[in-house]
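If you use this note's numbering, the sequence shown closes out at 309, no skipped numbers anywhere. By construction, the Cβ of each residue, glycine as well, lies at the ideal position given by its N, Cα and C atoms. A short worksheet on the structure shown next.
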Amino acid sequence: MKTLLKKNYNLEVIKIEKSAIGAGSDTYFVTCDSGKYVVKFPSVSEINNPEAEPKLCEFLLKKGISVCKFIKNKCGEYITTDDSGRMFHVQEFVDGTMYDWNSAPDWLLKESAKTLGRIHASLQNYVGLPIGIGENFFKYMTPKNALRSYERSIEIARKNGDTKIEKDLLYRIELIKNFPEYNFDLSKLTCGATHGDYFISQLICGEDKINAVIDWTTACVHPLVWEIMRSYVYAAPECANGEIDTCKLIEYFGDYCRYAELNNYDLENAAKLFYYQIAVCDYYNQYYTSKADNREIYLRQAVFSTGLLKWFEKHAEEVGCFLQKYS
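Shown next as structure tokens:
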């Protein structure tokens, strides 16, 4: 690492610490004589687009959004390749606090919603990012395919003696066998460029403000309400046990809508779309197949989303009605 940074960035490294946060990618905090930096080796994945990240952040910085500031190498490029062919980039370190899942104080919930609204408004006409949740997602991520994946995962759980995971998967299997036949009209949903992984762990915070939104590697085009719903459930304390306070969710959407517009179809389908996504995605399979040192985060995500599924199973339809009425 020291040789790599000296050769490509002329940085004299004093100290290197590996981050334990995040899944898949390898991230390091590097202290140099000229300051502190973040060195990230993004994992190779179809949802990761490290080449697009620096340009996108540069665009947002010009719009007044606090995001990552990338450092160019000696060749004037943001992306560097090591001797093994692995891509990495270097960005300035942002000082502040990173809150854990479902621990956001009231001020952070409001700022999270407002910041996401400002981001979406700024990116309204931004082009060049890949499609995330779009036609191909609904073509391949179906209840039928999810059932196959869950049946494979439960066999692994039984083989490993993972009784808690087996119980969760049994619930998911029964749920997906009787899952509602949702049909989402993408032409009616407000879709646009977004962070792709905007949630509490990507917000570096000061005492009463967000210092920076980090980790734009998965930036893509999604239905915007999906990102709003996801950011809320990972931040709000009441969601820790799979419960959602409808009044606080409405308030979150209201703070967002002060900066970006949503239509009635968005509001009607926000909860149902998020419910569908977490129902058809097998996070347990990600946990079992991942080779990453920090793969436990996939299991945490799996257990958390299973808790949410039990709430959405009973309330997904009514949430849309509430959002339409009050937001």
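In chain order, what residues of the same chain lie with their CB nearer than 8 Å to the CB of G188, ignoring the 5 residues before and after it?
Within the sequence shown, numbered from 1, the residue matching residue 188 stands at position 206. Excluding residues within five positions, the ones whose Cβ falls inside 8 Å are G78, T79.
Helix, strand or coil: which one does DSSP assign to Q184?
Position 202 of the sequence shown, counted from the start, is the residue given in the question as residue 184. The three-state secondary structure of Q184, taken from DSSP, is helix.
Touch check for the segment 188 to 204 and the segment 17 to 34: three-plus C-beta pairs under 8 Å?
The segment 188 to 204 is in contact with the segment 17 to 34.
Grab me the residues of L129's own chain with a C-beta within less than 6 Å of its C-beta, minus the 5 sequence neighbours each way, in chain order.
In the sequence shown, residue 129 corresponds to position 147, counting from 1. Cβ neighbours of L129 beyond the five flanking positions: I158.
From S1 to L305, what distance separates their C-alpha atoms?
Here the question's residue 1 lines up with position 19 in the sequence shown. Here the question's residue 305 lines up with position 323 in the sequence shown. A straight line joining the alpha-carbon of S1 with that of L305 spans about 38 Å.
Express the C-alpha separation of L231 and A86 in angstroms, rounding to a whole number.
To locate residue 86, count along the sequence shown from 1; it is residue 104. To locate residue 231, count along the sequence shown from 1; it is residue 249. Roughly 13 Å separates the two Cα atoms.
Using the rule of at least 16 other Cβ atoms within 10 Å of the residue's Cβ for burial, across every protein chain shown, is L249 buried or exposed?
By one-based count along the sequence shown, residue 249 stands at place 267. Around the C-beta of L249, 16 or more other C-beta atoms lie within 10 Å, and the residue is accordingly described as buried.
How far does the beta strand (DSSP E) with Y19 in it extend, from its first residue to its last?
The sequence position of residue 19 within the sequence shown is 37, counting from 1. Per DSSP, Y19 belongs to the beta strand (DSSP E) from 17 to 23.
Selected residue, minimal CA-CA separation from F256, among F119, R68, D88, V20
The residue given as residue 256 occupies position 274 in the sequence shown. Comparing Cα-Cα distances from F256 to each of F119, R68, D88, V20, the minimum goes to F119.
Contact under 8 Å by Cβ, I155 with E133:
Counting from one through the sequence shown, the residue named residue 155 turns up at place 173. Counting from one through the sequence shown, the residue named residue 133 turns up at place 151. Closer than 8 Å, so yes.
Quick check on the DSSP output: the beta strand (DSSP E) that includes M69 runs from which residue to which?
Reading the sequence shown from its first residue, position 87 is the one you call residue 69. Note, M69: beta strand (DSSP E), 69 to 74.
Which residues bound the alpha helix (DSSP H) around N127?
Your numbering for residue 127 matches position 145 in the sequence shown. Unbroken alpha helix (DSSP H) run through N127: 125 to 142.
Given this structure, state the Cα-to-Cα distance separating I138 from Y269, to the nearest angstrom.
The residue labelled residue 138 in the question sits at position 156 within the sequence shown. The residue labelled residue 269 in the question sits at position 287 within the sequence shown. Their Cα atoms are separated by approximately 11 Å.
Just how far apart, CA to CA, sit L185 and T97?
Residue numbering aside, residue 185 sits at position 203 when the sequence shown is read from its first letter. Residue numbering aside, residue 97 sits at position 115 when the sequence shown is read from its first letter. Each residue's Cα considered, the two are about 10 Å apart.
C221 by DSSP, collapsed to three states: which one?
Taking the sequence shown and counting its residues from 1, the one referred to as residue 221 is at position 239. The answer is helix: DSSP assigns C221 an H, G or I state.
Cβ pair C39, C57 closer than 8 Å:
In the sequence shown, residue 39 corresponds to position 57, counting from 1. In the sequence shown, residue 57 corresponds to position 75, counting from 1. No.
Pick from L(-7), S27, D65, Y108 that is closest to S272, judged by C-alpha positions
For the purposes of this step, residue 272 is taken as residue 290 along the sequence shown, with counting starting at 1. For the options L(-7), S27, D65, Y108, the alpha carbon positioned closest to that of S272 is the one of S27.
Alpha helix (DSSP H) segments (min. 4 residues) lying fully within the segment 146 to 201
Listed in chain order, there is nothing to give.
Within its chain, find whatever has a CB closer than 6 Å to the CB of I29; leave out the 5 residues flanking it on each side and keep chain order.
Here the question's residue 29 lines up with position 47 in the sequence shown. Excluding residues within five positions, the ones whose Cβ falls inside 6 Å are T200.
Should E(-1) and Y10 be called a contact, given that it needs their Cβ atoms to be closer than 8 Å?
Taking the first residue of the sequence shown as position 1, residue -1 is located at position 17. Taking the first residue of the sequence shown as position 1, residue 10 is located at position 28. It is a contact, given that the beta carbons lie within the stated cut-off.
Grab me the residues of T63's own chain with a C-beta within less than 7 Å of its C-beta, minus the 5 sequence neighbours each way, in chain order.
Reading the sequence shown from its first residue, position 81 is the one you call residue 63. The residues are M69.
Can you tell me where the beta strand (DSSP E) with T271 in it begins and where it stops?
Translated into positions along the sequence shown, residue 271 becomes position 289. Careful: T271 lies outside any beta strand (DSSP E), inside the alpha helix (DSSP H) at 265 to 271.
Under the DSSP definition of a beta bridge, which residues are partnered with V(-5)?
To locate residue -5, count along the sequence shown from 1; it is residue 13. Beta bridge pairing from DSSP links V(-5) with C14.
Distance CB(Y216)-CB(S135) smaller than 8 Å
On the sequence shown, residue 216 is found 234 positions in, with the first residue counted as 1. On the sequence shown, residue 135 is found 153 positions in, with the first residue counted as 1. With respect to the 8 Å criterion, Y216 and S135 are not classified as neighbours on the basis of their beta carbons.
Span of the alpha helix (DSSP H), counted from its first residue to its last, around K51:
In the sequence shown, counting from the first residue as 1, residue 51 sits at position 69. Where K51 is concerned, there is no enclosing alpha helix (DSSP H), given that its DSSP letter is neither H nor E.
If F52 and Y108 are in contact, beta carbons under 8 Å, what's the gap, nearest whole angstrom?
On the sequence shown, position 70 is the one that residue 52 refers to. On the sequence shown, position 126 is the one that residue 108 refers to. The beta-carbon distance between F52 and Y108, rounded to whole angstroms, is 17 Å. This is too long to meet the 8 Å contact definition.
Cβ-based burial, W89 [other Cβ within 10 Å; buried from 16]:
Sequence index remark: in the sequence shown, residue 89 carries index 107 (1-based). Classification for W89: exposed.
What are the residues that DSSP puts in a beta bridge with I113?
Taking the first residue of the sequence shown as position 1, residue 113 is located at position 131. According to DSSP, I113 bridges with V203.
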